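Enquirer: So the protein sequences, as listed, match chains X and G.
Taking our numbering, the leading residue of the first sequence gets 564, the next gets one more, and so forth.
Taking our numbering, the leading residue of the second sequence gets 322, the next gets one more, and so forth.
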Amino acid sequence: MNVSDHKRWSEDLAAYMLGALDADEVAGFERHLEGCERCQEEMRWLEPAVATLPEVVERQEAPPQLRETLMAEVREDVREAESRAAPARSWRQWLLKPAMGLAVVALLVAGVVGYEVGKDGGGEGGAPSTIERQEGPLTVKMVSEGDGGTLHLSGVEQLPPDKVLEAWVEREGEVEAVPALFVPDRNGQAETRITDMSGVATVMVTEEPRGGSDQPTGEPIMTMSVPQ
Amino acid sequence: MAVRREKAERLADEELMPLVGRKDPEAFAVLYDRHGGAAYSLSYRIVGDRAAAEEVTQEAFISVWRSGARFDAARGSVRSWLLSVVRNRAIDFLRSRAGKAPKLTFDDDSVLEQRPAEERTDEEALRRETAAELRGAIGKLPGEQSKVIELAYFGGFSHSEISRILGLPMGTVKGRMRLGLEKIRGELAEGLA
């Protein structure tokens, strides 16, 4: 990069930073900028001056409905993403993954044993019924009432900030995501509500990235079979 | 929900952005609450109409929500980035609305006068103080320099368009932009010294 080349492009720097270069000049300037340390340094120096400009305009109060409209759209996006995630892949297909399959089979057996040991005999005539069992450090309790149920977990390890818990139900051979994602509290307690338990044969929980997944991506931290 | 909101409020903007990228509505709400007022004000300053400013601000924030991962922390603060997104949207709006003549002054005397009481936190007080210093820095610019900066940044005009509007050679326009930015930068540096 010679001096005269830099000088020529340097004259365009302020216009570029103010978004005032003509469209056909921008690409050429950016090519120069990529290889010119002096221009990069000058740009870093001038950036606070440009950042100042939006801060000095007369302050207006944003209308409250702007926030309401915006958040309604955001929540609608989330709902749509959740509904797309709900019809997950086939339970059997998921079980075919070797490592996952073994883990689930083992836990299904543990779940059935846990149920036999832990059931409290309730559940007749719509009264609440509880299945409770120990699974390693986890205490798992499923309280069914009416059409739905609540899954309570105790002894859950704290999650990294980018992880959440996601529950899954297996119904007629298909895995469905439970819409409400959840995280443990500081005491390691976590719970989620499953609104429709009809036909559910198995409940499972996995750790998933924040925002949830459309299918389980890791080994379940618990799996519980539900007697029909 | 309340716990998550409180937690999000304790996070810095740069920490909120990855959460927004993962579609966390609470993180996004906190981001809007921090910068929505400035964004709407900038938008209104550029488009000069409340309904249009609302539309532009909403579109800008939705674009941030749907592409939060585009923020690059190495290139400046979240606030600067957000306001540049708003500015670009507003300029696009102006360009799509033929015949709009931009305002030509900085409105120095009335800047930040109409903040609601609940926003007057310590952080806000600091921001107001800083804004006053910034206004001072810009207020010291010669009119010929502030005018070309105004036309470019708030009017969305290119240097060749400004050259035609003001009847000046293009080199003069670019030179005034450069001198104006250097002068603002110099004032800011003095203020920090």
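Don't be surprised by glycine CBs; every beta carbon is placed ideally from N, CA and C.
These numbers come from a predicted model, not from an experiment.
1) Where does residue 503 (chain G) fall in DSSP's three states?
2) For residue 595 (chain X), which residues in the same chain have their Cβ closer than 6 angstroms to its Cβ, ignoring the five residues on either side in sequence?
3) Under 8 angstroms by Cβ, that's how I've got residue 732 (chain X) and residue 757 (chain X) pegged, so tell me the actual separation to the nearest angstrom.
4) With DSSP collapsed to three states, give me the class of residue 760 (chain X).
5) Short of 8 angstroms Cβ to Cβ, which residues in the stretch 593–627 of chain X face chain G?
6) Output the distance between the C-alpha atoms of residue 755 (chain X) and residue 746 (chain X), rounded to the nearest integer angstrom.
7) Mind listing which residues of the stretch 376–392 of chain G have their C-beta closer than 9 angstroms to chain X's C-betas, in chain order?
8) Can you tell which of X:710, X:601 and X:722 has the C-alpha that lies nearest to the C-alpha of residue 692 (chain X)?
9) Hey, out of X:718, X:772 and X:611, whose CA is closest to residue 580 (chain X)'s CA?
10) Could one say the Cβ of residue 751 (chain X) lies closer than 8 angstroms to chain G's Cβ atoms, at least one of them?
11) Along the stretch 625–647 of chain X, where does the CB come closer than 9 angstroms to a CB of chain G? Name the residues.
12) At a Cβ cut of 8 angstroms, what residues of the stretch 748–779 of chain X count as close to chain G, listed as they run along the chain?
13) For residue 770 (chain X) and residue 721 (chain X), what's the separation of their Cα atoms in angstroms?
14) Would you mind stating whether residue 629 (chain X) and residue 606 (chain X) have Cβ atoms separated by less than 8 angstroms?
15) Leaving aside the five residues before and after residue 584 (chain X) along the sequence, list all residues of the same chain whose C-beta is less than 7 angstroms from its C-beta, in chain order.
16) Residue 715 (chain X) bridges to which residues according to DSSP?
17) Who are the neighbours of residue 489 (chain G) on chain X, taking C-beta pairs under 9 angstroms?
Expert: The relevant details are as follows:
1) Helix.
2) Counting only Cβ-Cβ distances below 6 angstroms, and skipping sequence neighbours, we find 572.
3) With a beta-carbon spacing of about 6 angstroms, residue 732 (chain X) and residue 757 (chain X) fall inside the 8 angstroms limit used to define contacts.
4) Coil at residue 760 (chain X), not helix or strand.
5) Answer in chain order: 608, 609, 610, 611, 612, 613, 614, 615, 616, 617, 618, 619, 620, 621, 622, 623, 624, 625 and 626.
6) Going by C-alpha positions, residue 755 (chain X) is about 9 angstroms away from residue 746 (chain X).
7) Considering only beta carbons, the part of the stretch 376–392 of chain G lying closer than 9 angstroms to chain X consists of 378, 379, 382, 383, 386 and 387, in chain order.
8) It is X:710 whose Cα lies nearest to the Cα of residue 692 (chain X).
9) The candidate whose alpha carbon is nearest that of residue 580 (chain X) is X:611.
10) False, the Cβ-Cβ gap to chain G never drops below 8 angstroms.
11) Hits within the stretch, in order: 625, 626, 628, 629, 630, 632, 633, 634, 636, 637, 638, 640, 641 and 644.
12) The residues in question are 772, 773 and 774.
13) Counting only the Cα atoms, residue 721 (chain X) lies some 11 angstroms from residue 770 (chain X).
14) No, Cβ-Cβ distance for residue 629 (chain X) and residue 606 (chain X) is not below 8 angstroms.
15) So the qualifying residues of the chain are 575, 578 and 592.
16) X:704 and X:754.
17) Neighbours of residue 489 (chain G) across chain X, judged by C-beta separation under 9 angstroms, do not exist; the nearest C-beta is about 13 angstroms away.
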